[in-house]
Amino acid sequence: MFKNVLSASGNFEDIRASKQHNYIVAIAALALISLLSSSGGAPIEHTISNFWEGFIWGIADPVISLDRLAGIVIIGLVSARFIGGAWIGISFVLATSGGQLLHLNLLNLPGAEIAIATCTIVFGVISVLPTQISWLACTILSVIAGLSHGYADSQAIMGAEMLTLAAYLIGVILTQTAIFFSAREIGAIISNKPSNQILTKTIRWIGLTFCAIGIVFLANAVI
Numbered sequence: 506m507f508k509n510v511l512s513a514s515g516n517f518e519d520i521r522a523s524k525q526h527n528y529i530v531a532i533a534a535l536a537l538i539s540l541l542s543s544s545g546g547a548p549i550e551h552t553i554s555n556f557w558e559g560f561i562w563g564i565a566d567p568v569i570s571l572d573r574l575a576g577i578v579i580i581g582l583v584s585a586r587f588i589g590g591a592w593i594g595i596s597f598v599l600a601t602s603g604g605q606l607l608h609l610n611l612l613n614l615p616g617a618e619i620a621i622a623t624c625t626i627v628f629g630v631i632s633v634l635p636t637q638i639s640w641l642a643c644t645i646l647s648v649i650a651g652l653s654h655g656y657a658d659s660q661a662i663m664g665a666e667m668l669t670l671a672a673y674l675i676g677v678i679l680t681q682t683a684i685f686f687s688a689r690e691i692g693a694i695i696s697n698k699p700s701n702q703i704l705t706k707t708i709r710w711i712g713l714t715f716c717a718i719g720i721v722f723l724a725n726a727v728i
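Here it is in structure tokens:
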């Protein structure tokens with residue numbers, strides 16, 4: 506019986522390690538796509554004229570810009586620190602929809618690109634801090650990031666029909682939710698591992714990488 510318990514525990518750890526590997530591979534693949542898409546230094550220009558174009562570009566837009574992808578991933582990683590961290594991601598996704606509605610109703614949200622980069626930097630800093638930041642502060646920051654993401658991304662659907670807008674919004678929500686929860690799962694697995702010097706350095710380098718991405722895009726937005 507004791508052997509069966511050990512065997513079951515070993516199988517569980519193998520499954521968990523396999524899931525972690527799959528999530529990391531998926532995020533890495535998205536990052537590669539984003540890097541290739543952003544290599545020209547400017548976002549891919551596209552217009553959306555029908556339902557399927559709206560849905561496809563809704564799925565693609567959160568991925569093809571590195572600053573957008575980095576912003577979602579770091580929010581997911583940080584949310585793993587909190588028991589109710591899933592609400593941080595839900596708040597972000599809902600705020601993204603709100604940001605898109607602001608733009609579509611011709612309401613001004615100045616400095617959206619600057620806000621996206623700044624939020625990425627702040628979340629990167631939070632990820633390397635030894636002290637815990639409050640759940641409410643992270644949720645408010647994710648709402649600011651979501652509004653900015655939605656406002657900046659909605660330029661492609663200006664003037665589109667209602668059905669096309671709905672398809673685009675569904676695509677964005679699906680992609681952002683998948684990226685967030687994948688990143689959150691990676692963060693949870695990392696957080697549950699016994700703390701050691703290698704793990705601490707790895708977390709620090711991950712946080713600093715996202716800070717660097719945010720700084721680069723912040724400089725581009727300001728200049």
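The numbering of the sequence shown is the numbering used here, which starts it at 506 and goes up by one.
Glycine included, each C-beta is placed from N, C-alpha and C at the ideal position.
Quick check on DSSP: helix, strand or coil for Glu-666? What you label residue 666 is simply residue 161 of the sequence shown in a count that begins at 1. It is coil, neither helix nor strand.
Considering only residues of the same chain and omitting the five flanking positions on each side of Ile-619, which have a CB-CB separation below 6 Å? Here residue 619 refers to the residue found at position 114 of the sequence shown. Only Ala-726 meet the Cβ criterion.
Is DSSP giving Ala-513 helix, strand or coil here? Along the sequence shown, read from residue 1 onward, the residue named residue 513 stands at position 8. Because Ala-513 carries a pLDDT of 42, less than 50, the predicted location of this residue cannot be relied on, and the following value inherits that uncertainty. Helix.
Is it right to say Ser-696 is buried, meaning 16 or more other beta carbons lie within 10 angstroms of its own, or is it exposed? Taking the first residue of the sequence shown as 1, we reach residue 696 at position 191. That one is exposed.
Please report the distance separating the alpha-carbon of Gln-637 from that of Ile-553. Start at 1 with the first residue of the sequence shown, and residue 637 comes out as number 132. Start at 1 with the first residue of the sequence shown, and residue 553 comes out as number 48. Computed Cα separation, rounded: 43 Å.
At least 3 beta-carbon pairs within less than 8 Å: the segment 662-680 vs the segment 608-622: Cβ pair count under 8 Å is three or more, so yes.
What did DSSP end up calling Gly-594 once you bin it into helix, strand or coil? What you label residue 594 is simply residue 89 of the sequence shown in a count that begins at 1. Helix.
By how many angstroms is the C-alpha of Leu-679 removed from the C-alpha of Ser-687? Counting from one through the sequence shown, the residue named residue 687 turns up at place 182. Counting from one through the sequence shown, the residue named residue 679 turns up at place 174. If you take the alpha carbons of Ser-687 and Leu-679, they lie about 12 Å apart.
Quick one: grab the DSSP three-state call for Leu-582. In the sequence shown, residue 582 corresponds to position 77, counting from 1. Looking at Leu-582 - three-state DSSP - the assignment turns out to be helix.
Cutting at 7 Å between CB atoms, please list the residues of its own chain near Asn-555, excluding the five before and the five after it. Here residue 555 refers to the residue found at position 50 when the sequence shown is read from its first residue. If we look at Asn-555 and ignore the five residues flanking it on each side, its Cβ neighbours are Thr-669.
Kindly indicate which three-state DSSP category Ala-717 falls into: helix, strand or coil? Counted from its first residue, the sequence shown places residue 717 at position 212. Reduced to three states, the DSSP call for Ala-717 is helix.
Start and end of the alpha helix (DSSP H) containing Leu-652? By one-based count along the sequence shown, residue 652 stands at place 147. From DSSP, the alpha helix (DSSP H) with Leu-652 extends over 640-658.
Among the residues of its own chain, which have a CB less than 8 Å from the CB of Ala-547, if the five just before and after it don't count? For the purposes of this step, residue 547 is identified with residue 42 of the sequence shown, where counting begins at 1. Because Ala-547 sits at a pLDDT of 46, beneath the cut-off of 50, its placement in the model cannot be relied upon, and the point is left open.
Write down the C-beta distance between Ile-720 and Ile-626 rounded to the nearest angstrom, noting that I regard them as a contact closer than 8 Å. Along the sequence shown, read from residue 1 onward, the residue named residue 720 stands at position 215. Along the sequence shown, read from residue 1 onward, the residue named residue 626 stands at position 121. That belief holds up - the Cβ atoms of Ile-720 and Ile-626 are roughly 6 Å apart, short of 8 Å.
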